[in-house]
Amino acid sequence: MDEQAKRQRPTYSDEFKRDAVRLVVEEGYSFKAACEAVGVCDATLRAWHAKLAPPPEPCGDDATVEEMRAEIARLRKQLKRTELEREILKKATAYFAKEST
Numbered sequence: 011m012d013e014q015a016k017r018q019r020p021t022y023s024d025e026f027k028r029d030a031v032r033l034v035v036e037e038g039y040s041f042k043a044a045c046e047a048v049g050v051c052d053a054t055l056r057a058w059h060a061k062l063a064p065p066p067e068p069c070g071d072d073a074t075v076e077e078m079r080a081e082i083a084r085l086r087k088q089l090k091r092t093e094l095e096r097e098i099l100k101k102a103t104a105y106f107a108k109e110s111t
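Counting in the working numbering, the sequence shown runs from 11 upward without gaps.
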């Protein structure tokens, strides 16, 4: 067996990925249980979830204190990630602008 055959990664259809994410989002599976059910690693399923899962709905005016706290925590995490991505893009832009001159 040659080395390329050993390293070939399995490819999954978009429908398979959506169904795997649906287990977590709609069926209430934990990531670990869903990974075992579909036969993929945790990192793979989490990447699919990040790309394919619908964004969570915002809390309404009648939300409980716990729901509001959970939403605030989620939004803070999202803001932190977005700010980090923006800083990376700024640095990349400066690097490529400097390199092209």
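Built from N, CA and C at the ideal position, the CB exists for glycine as well.
Quick caveat, the model's predicted, so the values are computed rather than measured.
query: Which of helix, strand or coil DSSP assigns to Val50; result: coil
query: Close beta carbons around Asp52, own chain, < 8 Å, minus the five adjacent residues each side; result: Phe41, Lys42, Cys45
query: Burial state of Ala30 (16 or more Cβ within 10 Å); result: buried
query: Touching by the beta-carbon criterion (3+ pairs, under 8 Å), the stretch 24 to 38 and the stretch 54 to 65; result: yes
query: For Glu93, the first and last residue of its enclosing alpha helix (DSSP H); result: 75 to 110
query: Span separating the alpha-carbon of Asp71 from that of Gly38; result: 25 Å
query: Delimiting residues of the alpha helix (DSSP H) encompassing Asp71; result: Element bounds for Asp71: n/a, residue is neither H nor E.
query: Alpha helix (DSSP H) segment containing Ala30, residue limits; result: 24 to 35
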